[in-house]
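Per numbering that gives the first Met the number 0, the very first residue in the sequence shown carries number 0; after that it's consecutive. Heads up, the beta-carbon is just placed ideally off N, CA and C, and yes, glycines get one too. Report on one structure; see the data block that follows.
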Amino acid sequence: MDKLYTFGKYLKQKYNKKTKKIPISIPGFTCPNIDGTVARGGCVFCENESFSPNFQKEKFTLNLKSKENPLLQKQLNALKFQFFNTVELYKRIYGSEKFIVYFQSFTNTYAPFETLKTLYETALQFPDVIGLSIGTRTDSIEDKTLQYLKDLSNKYEIWIEYGIQSSNNETLKKINRGHDFENVKETVKKTKELGLNVCGHLIFGLPGESQKEMLQSVKDTIELNIDSIKFHPLYVTDNTLLALEYKKGNFTPISEKDYIDTLIKAIKMLPQNVSIQRMTAGTSNLLAPAWCRDKSKQISHIHKALIKAGIKLK
Ligand code: SF4
Numbered sequence: 000m001d002k003l004y005t006f007g008k009y010l011k012q013k014y015n016k017k018t019k020k021i022p023i024s025i026p027g028f029t030c031p032n033i034d035g036t037v038a039r040g041g042c043v044f045c046e047n048e049s050f051s052p053n054f055q056k057e058k059f060t061l062n063l064k065s066k067e068n069p070l071l072q073k074q075l076n077a078l079k080f081q082f083f084n085t086v087e088l089y090k091r092i093y094g095s096e097k098f099i100v101y102f103q104s105f106t107n108t109y110a111p112f113e114t115l116k117t118l119y120e121t122a123l124q125f126p127d128v129i130g131l132s133i134g135t136r137t138d139s140i141e142d143k144t145l146q147y148l149k150d151l152s153n154k155y156e157i158w159i160e161y162g163i164q165s166s167n168n169e170t171l172k173k174i175n176r177g178h179d180f181e182n183v184k185e186t187v188k189k190t191k192e193l194g195l196n197v198c199g200h201l202i203f204g205l206p207g208e209s210q211k212e213m214l215q216s217v218k219d220t221i222e223l224n225i226d227s228i229k230f231h232p233l234y235v236t237d238n239t240l241l242a243l244e245y246k247k248g249n250f251t252p253i254s255e256k257d258y259i260d261t262l263i264k265a266i267k268m269l270p271q272n273v274s275i276q277r278m279t280a281g282t283s284n285l286l287a288p289a290w291c292r293d294k295s296k297q298i299s300h301i302h303k304a305l306i307k308a309g310i311k312l313k
C-alpha cells in the first residue's frame, strides 16, 4: 500500500456520506474462552471477572446452548440506549450521517440464534443504519448464523470482525487464545466463500514475539483474502492475567518506536484494496506502556512516520 486506505474512505466512496461505527456492548454476552466451554480466564489481556471480584457481570450469561434468554428485553434496552446516545454525539462531533452498528464487546455470535437475530434486526431498523459489524471468534460462529448474515448482506453492509491476533500457534497458546491459526484459516475461508466482508484484528507486542513473527502474521492474514484490518499494540490493563505477569516482571510491553516501525512495514505489505480500520489503540485505564495513554499523540506520530516512509495520507 502506498496510499493510506482507511475504512472511512471505503465507506465514503461507497455511500458518499460520512459513516461511523457505533460500538455496542450487550449485557449477558460472554465468551467461550471465559465461561469454560473452551477455557477459563480468557485471553491473557482480556479484562474479565476471573481477575477481579468486582468486575461488572450479569449473573446469567448466554452461550450457544442457552435454551432461554431472560435478558432479552434488557439487551434490547441496552442496544437502544447505547445507540441513540452515541448517534447524537457522533452527529455533533463528526457530522456523521450514516451508521454501522458495531457489536463489539465479548463474542457477538455466541448466543442462541433467535437472540442474535432479534438484536441484529432491531439494530438494522434504527434510523440511518446501513449495516452491522460483528466482532467474534473464529471458533464461535455457526454455519446457520453465517448463512443468515450472508442473506442480510444482500440488503445491508455486513462485516464480520475476527480476532486473529497472531498466526503463530505458540503465541496463541501463550496468550490462552483457545484456538489455533488453522481454525482461523478454516472459518475465514468459509466466511469469504459466502461473500461476506471480513476484518481481521492483529496485535503487535504479544509475549515472546519479535518483529519477524508480527510481520509473518500480517503476511498470513493477507493470504486469507481479508477485506479490512485492525492493528493494535498489546497494552496492560488491570484485572488481566497479563497485569499479574507484568507486575512480576515477566512481560515487557512493546515500545512506541518498535510498534510504529512494525506498523509502517505492515501497512506497506497490505494490498491497496484492504482498508485499515485501526492503526493503534489507547486507553486511560492503563498499567503500561505509558505511550498507549494518549491515542491522538500516537496517531500524530504514526502519520509522521507514514509520510516519512512515502505513504500518502490522502
Ligand atoms: S476472545 Fe475476546 S472476549 Fe474472549 S477471552 Fe479473548 S479477548 Fe476476551
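**Report entry** Run of the beta strand (DSSP E) containing Val100, from where it starts to where it stops
**Finding:** On the sequence shown, residue 100 is found 101 positions in, with the first residue counted as 1. Element bounds for Val100: 97-102.
Query raised in the report: Do Phe125 and the ligand SF4 come close, with the Cβ less than 7 Å from some heavy atom?
Result: Working through the sequence shown from its first residue, we reach residue 125 at position 126. Result no, Cβ not under 7 Å from the ligand SF4.
Requested in this report: Output the boundary residues of the beta strand (DSSP E) element that contains Glu255.
Outcome: As a first step, residue 255 must be located in the sequence shown, where it is residue number 256. Boundaries around Glu255 are those of the alpha helix (DSSP H), 255-268, since no beta strand (DSSP E) includes it.
Query raised in the report: Within 7 Å: the Cβ of Leu32 and any heavy atom of the ligand SF4?
Result: The count along the sequence shown starts at 1 and reaches residue 32 at position 33. As written in the sequence, residue 32 is Asn, which differs from the Leu given in the question. Relative to the non-hydrogen atoms of the ligand SF4, the Cβ of Asn32 comes within a distance shorter than 7 Å of at least one.
**Report entry** Whole-angstrom distance between Asn284 and Glu156, CA atom to CA atom
**Finding:** In the sequence shown, residue 156 corresponds to position 157, counting from 1. In the sequence shown, residue 284 corresponds to position 285, counting from 1. A direct Cα-to-Cα measurement between Glu156 and Asn284 gives close to 32 Å.
Report task. Thinking Thr108 and Ile140 are a contact (beta carbons under 8 Å), I'd like their distance in whole angstroms, please. Result -> In the sequence shown, residue 108 corresponds to position 109, counting from 1. In the sequence shown, residue 140 corresponds to position 141, counting from 1. 4 Å between Cβ atoms; contact.
Report task. Measure the C-alpha to C-alpha separation of Asp293 and Gln72 and round it to an integer number of angstroms. Result -> On the sequence shown, residue 293 is found 294 positions in, with the first residue counted as 1. On the sequence shown, residue 72 is found 73 positions in, with the first residue counted as 1. Straight-line spacing of the CA atoms in Asp293 and Gln72 works out to 37 Å.
Query raised in the report: Where does the unbroken alpha helix (DSSP H) through Phe230 begin, and where does it stop?
Result: Counting from 1 along the sequence shown, the entry for residue 230 is found at position 231. Per DSSP, Phe230 belongs to no alpha helix (DSSP H); it is in the beta strand (DSSP E), 227-232.
Query raised in the report: How long is the line joining the alpha carbons of Phe386 and Gly207, rounded to whole angstroms?
Result: Here the chain comprises residues numbered 0 to 313, so residue 386 is not present and cannot be evaluated.
Query raised in the report: Does the ligand SF4 have a heavy atom nearer than 7 Å to the CB of Arg136?
Result: Counting from one through the sequence shown, the residue named residue 136 turns up at place 137. At least one heavy atom of the ligand SF4 sits closer than 7 Å to the Cβ of Arg136.
Query raised in the report: CA-CA distance, Lys256 and Lys143?
Result: Looking up residue 256 in the sequence shown gives position 257. Looking up residue 143 in the sequence shown gives position 144. Going by the C-alpha atoms only, they are around 44 Å apart.
Query raised in the report: Using a threshold of 7 Å, is the CB atom of Gly35 nearer than that to any non-hydrogen atom of the ligand SF4?
Result: Residue 35 sits at position 36 when you count from the first residue of the sequence shown. Because no heavy atom of the ligand SF4 lies under 7 Å away, the Cβ of Gly35 does not count as near it: no.
Query raised in the report: Straight-line CA distance for Ser274 to Thr5?
Result: Numbered from 1 along the sequence shown, position 275 holds the residue referred to as residue 274. Numbered from 1 along the sequence shown, position 6 holds the residue referred to as residue 5. Rounded to the nearest angstrom, the two C-alpha atoms are 5 Å apart.
**Report entry** Thr106 beta carbon near the ligand SF4 (any heavy atom closer than 7 Å)
**Finding:** Position 107 of the sequence shown holds residue 106. For the ligand SF4, at least one heavy atom lies less than 7 Å from the Cβ of Thr106.
Report task. Can you say whether Tyr119 is buried or exposed, counting buried as having 16 or more other CB atoms within 10 angstroms of its CB? Result -> Taking the first residue of the sequence shown as position 1, residue 119 is located at position 120. The residue in question, Tyr119, is buried, as its Cβ has 16 or more Cβ neighbours within 10 Å.
Query - Those residues which DSSP pairs with Ser274 across a bridge - result: For the purposes of this step, residue 274 is taken as the residue at position 275 of the sequence shown. In the DSSP output, where bridge partners are listed per residue, Ser274 has Ser227.
Query raised in the report: Between which two residues does the beta strand (DSSP E) carrying Glu113 extend?
Result: If you number the sequence shown from 1, residue 113 lands on position 114. Boundaries around Glu113 are those of the alpha helix (DSSP H), 112-123, since no beta strand (DSSP E) includes it.
Query raised in the report: Between the segment 248-264 and the segment 197-207, do three or more beta carbon pairs fall short of 8 Å?
Result: These segments touch.
Query raised in the report: Mind checking Ile301: buried by the 16 CB within 10 Å criterion, or exposed?
Result: Against the sequence shown, residue 301 aligns to sequence position 302. Buried, since its Cβ has 16 or more Cβ neighbours within 10 Å.
Query raised in the report: Between which two residues does the beta strand (DSSP E) carrying Asn107 extend?
Result: The residue given as residue 107 occupies position 108 in the sequence shown. No beta strand (DSSP E) holds Asn107; DSSP gives it neither H nor E.
Query raised in the report: Would the beta-carbon of Cys198 be found less than 7 Å away from any heavy atom of the ligand SF4?
Result: To locate residue 198, count along the sequence shown from 1; it is residue 199. False, no ligand heavy atom lies under 7 Å from that Cβ.
Query raised in the report: Under the rule that 16 or more other beta-carbon atoms within 10 Å means buried, what is Leu312, buried or exposed?
Result: Walking along the sequence shown from the start, residue 312 turns up at place 313. Counting of Cβ neighbours within 10 angstroms places Leu312 among the exposed residues, the total staying below 16.
**Report entry** Buried or exposed by the 16-neighbour rule on C-beta atoms within 10 Å, applied to Glu150
**Finding:** If you number the sequence shown from 1, residue 150 lands on position 151. Contrary to the premise, residue 150 reads as Asp rather than Glu in this sequence. Within 10 angstroms of the beta-carbon of Asp150 lie fewer than 16 other beta-carbons, which makes it exposed.
Query raised in the report: Is Gly7 near the ligand SF4, going by C-beta to nearest heavy atom under 7 Å?
Result: The residue you call residue 7 lines up with position 8 of the sequence shown. Relative to the non-hydrogen atoms of the ligand SF4, the Cβ of Gly7 never comes closer than 7 Å to any of them.
Query raised in the report: When the Cα atoms are used, what is the spatial distance from Ser24 to Leu3?
Result: In the sequence shown, residue 24 corresponds to position 25, counting from 1. In the sequence shown, residue 3 corresponds to position 4, counting from 1. Their Cα atoms are separated by approximately 30 Å.
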